[in-house]
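*Asks:* Protein chains in written order, with the working numbering: chain A, 151 to 344; chain B, 151 to 344.
What follows is a single structure, and I will ask about it in a moment.
Number of protein chains: 2
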Amino acid sequence: MTVKAATNTREEIIDRAFQLMLQRGLNGFSYRDISEPMGVKNAAIHYHFPNKMDLIKALIDENHRVLRRSTSEFMAYGGAARVQLEGLFAFTLNQCNCGRPICMVGALAIDYDELDEEIKKANNSFMKDSVKWLTRVMELGREQKEFDFNGDPMSKAVSILAMIQGARQMARVHGLDYLENIFAQIRIDLGITE
Amino acid sequence: MTVKAATNTREEIIDRAFQLMLQRGLNGFSYRDISEPMGVKNAAIHYHFPNKMDLIKALIDENHRVLRRSTSEFMAYGGAARVQLEGLFAFTLNQCNCGRPICMVGALAIDYDELDEEIKKANNSFMKDSVKWLTRVMELGREQKEFDFNGDPMSKAVSILAMIQGARQMARVHGLDYLENIFAQIRIDLGITE
DNA sequence: TTCTCAACTTACTTACAGGTAAGTATAAGG
DNA sequence: CCTTATACTTACCTGTAAGTAAGTTGAGAA
Numbered sequence: 151m152t153v154k155a156a157t158n159t160r161e162e163i164i165d166r167a168f169q170l171m172l173q174r175g176l177n178g179f180s181y182r183d184i185s186e187p188m189g190v191k192n193a194a195i196h197y198h199f200p201n202k203m204d205l206i207k208a209l210i211d212e213n214h215r216v217l218r219r220s221t222s223e224f225m226a227y228g229g230a231a232r233v234q235l236e237g238l239f240a241f242t243l244n245q246c247n248c249g250r251p252i253c254m255v256g257a258l259a260i261d262y263d264e265l266d267e268e269i270k271k272a273n274n275s276f277m278k279d280s281v282k283w284l285t286r287v288m289e290l291g292r293e294q295k296e297f298d299f300n301g302d303p304m305s306k307a308v309s310i311l312a313m314i315q316g317a318r319q320m321a322r323v324h325g326l327d328y329l330e331n332i333f334a335q336i337r338i339d340l341g342i343t344e
Numbered sequence: 151m152t153v154k155a156a157t158n159t160r161e162e163i164i165d166r167a168f169q170l171m172l173q174r175g176l177n178g179f180s181y182r183d184i185s186e187p188m189g190v191k192n193a194a195i196h197y198h199f200p201n202k203m204d205l206i207k208a209l210i211d212e213n214h215r216v217l218r219r220s221t222s223e224f225m226a227y228g229g230a231a232r233v234q235l236e237g238l239f240a241f242t243l244n245q246c247n248c249g250r251p252i253c254m255v256g257a258l259a260i261d262y263d264e265l266d267e268e269i270k271k272a273n274n275s276f277m278k279d280s281v282k283w284l285t286r287v288m289e290l291g292r293e294q295k296e297f298d299f300n301g302d303p304m305s306k307a308v309s310i311l312a313m314i315q316g317a318r319q320m321a322r323v324h325g326l327d328y329l330e331n332i333f334a335q336i337r338i339d340l341g342i343t344e
């Protein structure tokens, strides 16, 4: 069998690009920002990712992996709705604390029309999955009388996701001050009192 | 007295840059994007705005003027809280319909660390003004029994602004579908039934 | 009439972005 | 030992971004 050379260059490129992407957005970093601190040349990146779109695609995949890993505990269907919601808050707070207030959707949003169809589709279906998950959490919370809210669970889920999206953007500009305010208000709007 | 030459070049630059900024963000347009369709040279822009930061500053001011103009009707203190809130929704929807789902704060957010202190400050105080205004609307609505919500008015205001911020970002990526959902949910969470 | 100044244009520069083609070192396979 | 593939580097290219310095034009002031 062909033994792969002990190169982690490809992975390191993804790691660094991923960080940069979530800190500065799609057009906020260049190949140089990746290659120079790695001690390789720009062309080395082109070797692994012939063009930037290929790199972006890899970053979307990476995002899915990371998200799946770090959200699997609280996203597991069957857990208490409240626990799942708090998991989302903790995850969001953690991302902001790690200097990543911008999420992938936010990073792609501003340059959205430059993206090619495949990426848009992946991004879109990721969004839909999130809505689906949180909708289920809302339904569950209502059934189990953990949450008390009016309106349909899907609208509620979308509004909470929007709030978190907006909160992260605010965090970028105004620091983390408003974040807890927003989480608190979401709890209150869900009739969570304790 | 020195009569000013009948030049509106400066204003046209601001107009065009403003449009571009709100469509593509800070780093999403170049001098060329402005000068070429105007039929002037890049250097003409440098004449009026020696560097890009000067232009951005002018755009922030323009944003304040535009916002003050287009929000003055519904933002007037003293009006019914519900009317003021609906004004905000209509304004947001209108912006999205005009192909400007990104607001100024959103446009600046992604490149935030590139900005100089003066701009950050202006942006910050704009945000604070918005929070202040909406907080007052929330207080008013509660006093006049137009709104029925728990939690303090300021948190409520911040959460609504975050929601709208997030909604605009979603609108960019997913179209306007979710917008009405979100507005509806805000109404419901404020105890508005009719 | 001449002077001056605002509002440009012309003609650059520097820097950097993304990308490519051709060459090279290394290691494993046959 | 020779071949082949991988994982690069070297040395380019094109395009574009922001910015600058010096020259031009036209209108009003002195």
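C-beta: ideal position from N, C-alpha, C; glycine also.
1) Would you kindly work out how many angstroms separate the C-alpha atoms of A/Phe179 and B/Leu176, rounded to a whole number?
2) If we ignore side chains and look at the alpha-carbon of each, how far apart do B/Ile336 and B/Ala321 end up?
3) Specify the secondary structure class of A/Asn244 as computed by DSSP and reduced to three states.
4) Pull up the distance between the alpha-carbon of A/Lys271 and that of A/Asp263, whole angstroms please.
5) Kindly indicate the opening and closing residues of the alpha helix (DSSP H) around A/Tyr262.
6) Can you say whether A/Lys154 is buried or exposed, counting buried as having 16 or more other CB atoms within 10 angstroms of its CB?
7) Cβ of B/Ile164 within 7 Å of Cβ of A/Ser309?
8) The ligand FAD and B/His324: does any heavy atom of the ligand fall closer than 6 Å to the residue's C-beta?
9) Mind checking whether B/Gly316 and A/Gln234 have CB atoms under 7 Å apart?
10) How many angstroms separate the CA atom of B/Ser222 from the CA atom of B/Gly229?
11) Between the segment 287-315 of chain A and chain B, which residues of the former have a C-beta closer than 8 Å to a C-beta of the latter?
12) If we cut at 7 Å on Cβ distances, does B/Met320 have a partner in chain A?
13) Assuming contact is defined by CB atoms lying nearer than 7 Å, are B/Met288 and B/Lys306 in contact in what I supplied?
14) Shorter than 7 Å from the beta carbon of B/Gly175 to some beta carbon of chain A?
15) Secondary structure at B/Gly281, three-state DSSP: helix, strand or coil?
16) Using the beta-carbon count (16 or more within 10 Å), is B/Thr152 buried or exposed?
17) Mind pulling the chain A residues with CB within less than 8 Å of B/Gln335?
18) Would a check of beta-carbon distances place B/Ile269 closer than 7 Å to chain A?
19) Taking a Cβ distance cut-off of 8 Å, strictly less, list which residues of the segment 171-196 of chain A are near chain B, in chain order.
20) Could you check whether B/Ala167 and B/Leu209 sit closer than 7 Å to each other, using their CB atoms as the reference points?
21) What is the DSSP secondary structure of A/Pro303, reduced to helix, strand or coil?
22) Here's the rule: buried if 16 or more other CB atoms are within 10 angstroms of the residue's CB, otherwise exposed. What is A/Tyr328?
23) Any residues in the segment 233-256 of chain B with a beta carbon nearer than 9 Å to a beta carbon of chain A? Which ones, in chain order?
24) Relative to the C-alpha of B/Leu205, which candidate in B/Asn274, B/Ser220, B/Tyr181, B/Met304 has its C-alpha closest?
25) In the structure shown, what three-state DSSP assignment does B/Phe224 receive?
*Replies:* Looking at the coordinates:
1) Here residue 179 of chain A corresponds to residue number 29 of the first sequence, with the count starting at 1. Here residue 176 of chain B corresponds to residue number 26 of the second sequence, with the count starting at 1. Approximately 14 Å between the Cα atoms of the pair.
2) As a first step, residue 336 of chain B must be located in the second sequence, where it is residue number 186. As a first step, residue 321 of chain B must be located in the second sequence, where it is residue number 171. Rounded to whole angstroms, B/Ile336 and B/Ala321 show a C-alpha spacing of 16 Å.
3) Locating residue 244 of chain A in the first sequence gives position 94, where the first residue counts as 1. In this structure, A/Asn244 counts as helix in the three-state DSSP scheme.
4) Counted from its first residue, the first sequence places residue 271 of chain A at position 121. Counted from its first residue, the first sequence places residue 263 of chain A at position 113. Spanning the two alpha carbons is a distance of roughly 12 Å.
5) Position 112 of the first sequence, counted from the start, is the residue given in the question as residue 262 of chain A. No alpha helix (DSSP H) holds A/Tyr262; DSSP gives it neither H nor E.
6) By 1-based counting over the first sequence, the position of residue 154 of chain A is 4. For A/Lys154, the predicted model reports a pLDDT of 37, less than 50, meaning its position is unreliable and no value from the coordinates is stated.
7) The residue you call residue 164 of chain B lines up with position 14 of the second sequence. The residue you call residue 309 of chain A lines up with position 159 of the first sequence. Not a contact, by the Cβ cut-off of 7 Å.
8) For the structure depicted, the ligand FAD is absent and the ligand set is empty, with no information on it obtainable.
9) Start at 1 with the first residue of the second sequence, and residue 316 of chain B comes out as number 166. Start at 1 with the first residue of the first sequence, and residue 234 of chain A comes out as number 84. B/Gly316 places its beta carbon 7 Å or farther from that of A/Gln234.
10) Your numbering for residue 222 of chain B matches position 72 in the second sequence. Your numbering for residue 229 of chain B matches position 79 in the second sequence. Straight-line Cα distance between these residues: approximately 11 Å.
11) Per Cβ criterion, the list reads Phe299, Asn300, Gly301, Met304, Ser305, Lys306, Val308, Ser309, Leu311, Ala312, Met313, Ile314, Gln315.
12) Position 170 of the second sequence, counted from the start, is the residue given in the question as residue 320 of chain B. Judged by the 7 Å Cβ criterion, B/Met320 is in contact with chain A.
13) Mapped onto the second sequence, residue 288 of chain B falls at position 138. Mapped onto the second sequence, residue 306 of chain B falls at position 156. Closer than 7 Å, so yes.
14) On the second sequence, residue 175 of chain B is found 25 positions in, with the first residue counted as 1. The beta carbon of B/Gly175 sits closer than 7 Å to some beta carbon of chain A.
15) The residue labelled residue 281 of chain B in the question sits at position 131 within the second sequence. A small fix is needed here, since residue 281 of chain B is Val in this sequence, not Gly. Helix.
16) By 1-based counting over the second sequence, the position of residue 152 of chain B is 2. Unreliable placement is indicated for B/Thr152, whose pLDDT of 30 sits below 50; the coordinate value is still reported in the next sentence. Label assigned to B/Thr152: exposed.
17) The residue given as residue 335 of chain B occupies position 185 in the second sequence. By Cβ distance, chain A contributes Gly301, Ser305, Lys306, Val308, Ser309.
18) Residue numbering aside, residue 269 of chain B sits at position 119 when the second sequence is read from its first letter. With 7 Å as the cut-off, B/Ile269 does not count as an interface residue toward chain A.
19) For the segment 171-196 of chain A, residues whose beta-carbon sits nearer than 8 Å to a beta-carbon of chain B comprise Arg174, Gly175, Asn177, Gly178.
20) Within the second sequence, the letter at position 59 stands for residue 209 of chain B. Within the second sequence, the letter at position 17 stands for residue 167 of chain B. Yes; because the gap between Cβ atoms is below 7 Å, this pair is in contact.
21) For the purposes of this step, residue 303 of chain A is taken as the residue at position 153 of the first sequence. The answer is helix: DSSP assigns A/Pro303 an H, G or I state.
22) Residue numbering aside, residue 328 of chain A sits at position 178 when the first sequence is read from its first letter. Answer is buried; the Cβ neighbour count reaches 16.
23) Residues Pro251, Ile252, Val255, Gly256.
24) Counting from 1 along the second sequence, the entry for residue 205 of chain B is found at position 55. Answer by Cα proximity: B/Tyr181.
25) One-based indexing of the second sequence puts residue 224 of chain B at position 74. B/Phe224 carries a helical assignment under DSSP once its states are collapsed to helix, strand and coil.
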